[in-house]
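Heads up: the sequence shown begins at 22 in my numbering, then just goes up one per residue. Beta carbons are placed, not taken as given, at the ideal position from N, Cα and C, and that holds for glycine. Model, not experiment: these values are computed from the prediction. Working notes, structure below.
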Amino acid sequence: MIRIIEILSVRVRDAIKAATGLDADPLLRISADSRFGDYQANGIMAIAKQAKSNPRALAGQVVEKLDVADLCETPEIAGPGFINFRLKPDFLAIRLMEVKSDSVRLGISPTQNHTKVVVDFSGPNIAKQMHVGHLRSTIIGDAICRLLEFEGYDVIPQNHIGDWGLQIGMVVHAMMASTLETKTWAGASGALLSIEEVHNRIEKSPITLIELEKMYKRLSEQEKTDENLAEAVRNSVRHLQLKEPVFLAFWENARKITLKTCFELYDYLGGIFKLDDIRGESFYADRLAPVVQELKDKGIAVESDGAVCVFAPGFVSKEGNPLPLIVQKSDGAFLYATTDLAALKFRVQELGAKKIIYVTDARQELHFKMVFAVARMAGWVPEDVSLEHVTFGSVLGEDGKPFKTRSGENVKLRDLLDEAVSRAKRVVEEKNPELPEEKKNDIAAAVGIGAVKYADYSNNRTSDYVFSFDRMLAMEGNTAPYMQYAYARVKSIERKALEKGINASEELALITNITLTEPTEIELAKTLCRYDEAIYSAAYDLRPNYLTAYLYDLAGKFSAFYTQCPVLTAGPESRPSRLLLCDLTAKNIAHGLSNLLGIKVVEQM
């Protein structure tokens, strides 16, 4: 089913061509004020200038050539040349019947045909708990994947975890010192431990991620003042980079411990990532030296103060000096930029991506601009491949400062989510104390996690936002609990129908056409028919808040309809149509929340 705005746009474009001979964009938009219609063509003034004619007169000529009688009432000309369109109730009725016939996609056709898109998001580090700083990248990235996949893209999520380099070498050294009870990896006799014995000791001395994080922090502090320890750590890093089996065994264990906890959180948040989506820095370790060598061979990278750098055109410091992207330090070490370049090359040349999206905070904007520029200079990313950096603002506390604990540490993501669920549980206890405990827990999890996610999605992603449990869990306003309640309210109509002896499912199955006469019926129908436009806009601009704004508007339109139009007590000429409006409202809300935003809906609050 083609989007209404697309159908209208094509027909207005044809009318413009018939009137002027010009193939021009009519700039069709949803009307800002419904009093003037549902859609508006805003491009006539610019086209009139090009055609050297009067805008209002040209608008009249375009209207004469228009063929939209099956969709709209007679178009109206406003102001200096705007053309307003108001959809016919009969057309809306036909569209809604088409939506009814497609319970899977709700009548929405894919806009893409399996174009490959890589979405890079989340990116936690080994031996560290995920904290509030990982929240936005993780859930915004997930929503983008869901939106693009629904639009027909072949989406490849990539979790570029920090699992290689100096810090990971320190983690391995700390684990070995603790597990083997020695500062070396030799046994008590001085002989090298067998890899079997190493694995045996690892299994007998299980470590939690919290313990691993403390171990790493302690070693990090100690090595600052202990040169012998610092040298031992550097040796461990070298052994790990040489992929010696004993060191790899501890590295694999640290990775396993961290990912186990991460996946518990990803599942808590709604099933984000599969194991195959994890492709961290370690995957690219053997590709870094060839990447640097290729840049040097092509004359793109040069030595500067002992380091290997690329000076991409257009990047300068505040003082106006050329700004380098360093790909190898003077001591031979590689950097994040090197790994990102290797990843870009792999994603284009081996995964076949035509679009690559990075979801990180705005502070990395310059880094990615330079990496993108260098990758294109090297010829690794052709012009037909799109590179996009999706930025987002910070999560702030209610004091307007970065969200921290009282001690100044980053709030752990698990603690934050547990607190949201706990608060939601208290609300459920107050509202419905008679519910079974298991039901209360299910609702609390759906509402609590949903509240955190929806609060993020409903904000413009490029802006900072204040984290407030009270605001997130409010039952009014543009919040997850309000939307979940709206869904539950619609679904309750089916239960009430059965109590009155009305089989709503049977009536819906038998319906062959609907009648829309009341203003609130028509407004709700129009909003339902715009669901595909909301999804397209959110996916095209990579902004989930476009979808949450639509869902909130839909809930408001349904509330007005339900207040003004009796459903179960309506006569036989109106009840089937109104039951269908209720059913499609519930399906749109459930699809938007659950399928596209990963937020569970509940049939009882």
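Enclosing beta strand (DSSP E) for phenylalanine 103 [first to last residue] | Within the sequence shown, numbered from 1, the residue matching residue 103 stands at position 82. Taken as a continuous stretch (DSSP letters only), the beta strand (DSSP E) holding phenylalanine 103 covers 103-106.
Would you mind stating whether leucine 290 and isoleucine 160 have Cβ atoms separated by less than 9 Å?
-> Within the sequence shown, numbered from 1, the residue matching residue 290 stands at position 269. Within the sequence shown, numbered from 1, the residue matching residue 160 stands at position 139. Taking 9 Å as the Cβ cut-off, leucine 290 and isoleucine 160 qualify as a contacting pair.
Beta-carbon contacts of glutamate 544 that lie in its chain and below 6 Å, excluding the five residues immediately before and after | Here residue 544 refers to the residue found at position 523 of the sequence shown. The residues are Lys578.
In whole angstroms, what is the alpha-carbon distance linking tyrosine 60 and alanine 358?
-> In the sequence shown, counting from the first residue as 1, residue 60 sits at position 39. In the sequence shown, counting from the first residue as 1, residue 358 sits at position 337. Looking at the two C-alpha atoms, the distance is approximately 46 Å.
Please classify isoleucine 161: does DSSP put it in a helix, a strand, or coil?
-> Start at 1 with the first residue of the sequence shown, and residue 161 comes out as number 140. Helix.
First through last residue of the alpha helix (DSSP H) which encompasses leucine 127 = Here residue 127 refers to the residue found at position 106 of the sequence shown. Neither: leucine 127 is in no alpha helix (DSSP H) and is coded neither H nor E.
Taking the C-alpha atoms as reference points, what is the distance between glutamine 133 and glycine 173?
-> As a position in the sequence shown, residue 133 is number 112, starting the count at 1. As a position in the sequence shown, residue 173 is number 152, starting the count at 1. C-alpha separation (whole angstroms): 5 Å.
Can you tell me where the beta strand (DSSP E) with glutamate 97 in it begins and where it stops?
-> On the sequence shown, residue 97 is found 76 positions in, with the first residue counted as 1. Element bounds for glutamate 97: 97-99.
Work out the CA separation of valine 369 and valine 140 for me, nearest whole Å.
-> The residue you call residue 140 lines up with position 119 of the sequence shown. The residue you call residue 369 lines up with position 348 of the sequence shown. So the two alpha carbons sit approximately 12 Å from each other.
Excluding the five sequence neighbours on either side, which residues of its own chain have a C-beta within less than 7 Å of the C-beta of valine 176, listed in chain order?
-> Position 155 of the sequence shown, counted from the first residue, corresponds to residue 176. Taken in chain order, the residues that qualify are Val138, Val140, Cys166, Leu169, Glu170.
Does at least one heavy atom of the ligand SAH sit under 8 Å from the Cβ of asparagine 221?
-> As far as ligands go, the structure on display features none, and thus does not contain the ligand SAH.
Name the two residues that bound the continuous beta strand (DSSP E) containing valine 329.
-> Stepping through the sequence shown from its first residue, residue 329 is reached at position 308. Note, valine 329: beta strand (DSSP E), 328-331.
Compute the Euclidean distance between the alpha carbons of aspartate 288 and glycine 162, then round it to the nearest angstrom.
-> Position 267 of the sequence shown, counting from 1, holds the residue named residue 288. Position 141 of the sequence shown, counting from 1, holds the residue named residue 162. The alpha-carbon atoms of aspartate 288 and glycine 162 are separated by roughly 15 Å.
Could you check the C-alpha separation between lysine 512 and glutamate 624 for me, to the nearest Å?
-> Taking the sequence shown and counting its residues from 1, one reaches residue 512 at position 491. Taking the sequence shown and counting its residues from 1, one reaches residue 624 at position 603. Computed Cα separation, rounded: 6 Å.
Contacts around glutamine 82, its chain only, beta-carbon distance under 6 Å, and the 5 residues preceding and following it disregarded = If you number the sequence shown from 1, residue 82 lands on position 61. Result list for glutamine 82: Ala40, in chain order.
Exposed or buried, which one is glutamine 349 when buried takes at least 16 other CB atoms within 10 Å?
-> Against the sequence shown, residue 349 aligns to sequence position 328. Counting Cβ neighbours within 10 Å, glutamine 349 comes out buried, since at least 16 surround it.
Taking Cβ positions, are cysteine 330 and methionine 151 nearer each other than 9 Å?
-> The sequence position of residue 330 within the sequence shown is 309, counting from 1. The sequence position of residue 151 within the sequence shown is 130, counting from 1. Taking 9 Å as the Cβ cut-off, cysteine 330 and methionine 151 do not qualify as a contacting pair.
Starting from tyrosine 60, follow its DSSP beta bridges and name the residues at the other end.
-> Here the question's residue 60 lines up with position 39 in the sequence shown. In the DSSP output, where bridge partners are listed per residue, tyrosine 60 has Ile51, Phe106.
Beta carbon of leucine 600, beta carbon of leucine 549: below 9 Å?
-> What you label residue 600 is simply residue 579 of the sequence shown in a count that begins at 1. What you label residue 549 is simply residue 528 of the sequence shown in a count that begins at 1. The answer is no: Cβ separation not under 9 Å.
Which residues in the same chain as isoleucine 244 place their Cβ atom closer than 8 Å to its Cβ, once the five residues preceding and following it in sequence are excluded?
-> Numbered from 1 along the sequence shown, position 223 holds the residue referred to as residue 244. For the record, residue 244 in the displayed sequence is glutamate; it is not isoleucine. The answer, listed in chain order, is Met191, Leu250, Ala251, Val254.
For alanine 445, does the three-state DSSP call read helix, strand or coil?
-> Numbered from its first residue, the sequence shown carries residue 445 at position 424. Alanine 445 falls in the helix class under three-state DSSP.
Go through its chain and collect everything with a Cβ distance to serine 338's Cβ below 8 Å, but skip five positions before and after it.
-> Looking up residue 338 in the sequence shown gives position 317. Answer for serine 338: Leu344, listed in chain order.
To the nearest angstrom, report how far apart tryptophan 185 and glutamine 179 are at their CA atoms.
-> Your numbering for residue 185 matches position 164 in the sequence shown. Your numbering for residue 179 matches position 158 in the sequence shown. Tryptophan 185 and glutamine 179: Cα-Cα distance of roughly 16 Å.
Compute the beta-carbon to beta-carbon distance between alanine 465 and valine 442, rounded to the nearest angstrom, for a pair I have assumed lies under 8 Å.
-> Here residue 465 corresponds to residue number 444 of the sequence shown, with the count starting at 1. Here residue 442 corresponds to residue number 421 of the sequence shown, with the count starting at 1. Rounded, the Cβ-Cβ distance is 5 Å, consistent with contact.
So, are the CB atoms of glycine 301 and isoleucine 182 less than 9 Å apart?
-> Taking the sequence shown and counting its residues from 1, one reaches residue 301 at position 280. Taking the sequence shown and counting its residues from 1, one reaches residue 182 at position 161. Yes, they are a contact pair.
Euclidean distance between Cα positions of threonine 229 and isoleucine 278 | Sequence index remark: in the sequence shown, residue 229 carries index 208 (1-based). Sequence index remark: in the sequence shown, residue 278 carries index 257 (1-based). Using only the alpha carbons, I get a separation of about 7 Å.
Closest by CA to tyrosine 503, which one among Arg596, Met22, Gly335, Met626?
-> Taking the sequence shown and counting its residues from 1, the one referred to as residue 503 is at position 482. The candidate whose alpha carbon is nearest that of tyrosine 503 is Met626.
Going straight from the alpha carbon of lysine 38 to that of alanine 45, what length do you get?
-> To locate residue 38, count along the sequence shown from 1; it is residue 17. To locate residue 45, count along the sequence shown from 1; it is residue 24. Their backbone Cα atoms lie some 7 Å apart in a straight line.
Integer-rounded CB distance, given that leucine 529 should sit under 8 Å from histidine 155 = Here residue 155 refers to the residue found at position 134 when the sequence shown is read from its first residue. Here residue 529 refers to the residue found at position 508 when the sequence shown is read from its first residue. Not confirmed; about 43 Å, so no contact.
Tell me, please, whether the segment 261-269 touches the segment 116-124 by the rule of three or more beta-carbon pairs shorter than 8 Å.
-> no
Counting pairs of Cβ atoms below 8 Å between the segment 62-70 and the segment 98-115, do you hit three or more?
-> yes
From alanine 114 to threonine 538, what distance separates their C-alpha atoms?
-> Numbered from 1 along the sequence shown, position 93 holds the residue referred to as residue 114. Numbered from 1 along the sequence shown, position 517 holds the residue referred to as residue 538. About 11 Å.
Range of the contiguous beta strand (DSSP E) that encloses phenylalanine 413 = Here residue 413 is taken as the residue at index 392 of the sequence shown, counted from 1. Phenylalanine 413 -> beta strand (DSSP E) spans 407-413.
For aspartate 382, which of helix, strand or coil comes out of DSSP?
-> On the sequence shown, position 361 is the one that residue 382 refers to. Aspartate 382: strand per DSSP, three-state reduction.
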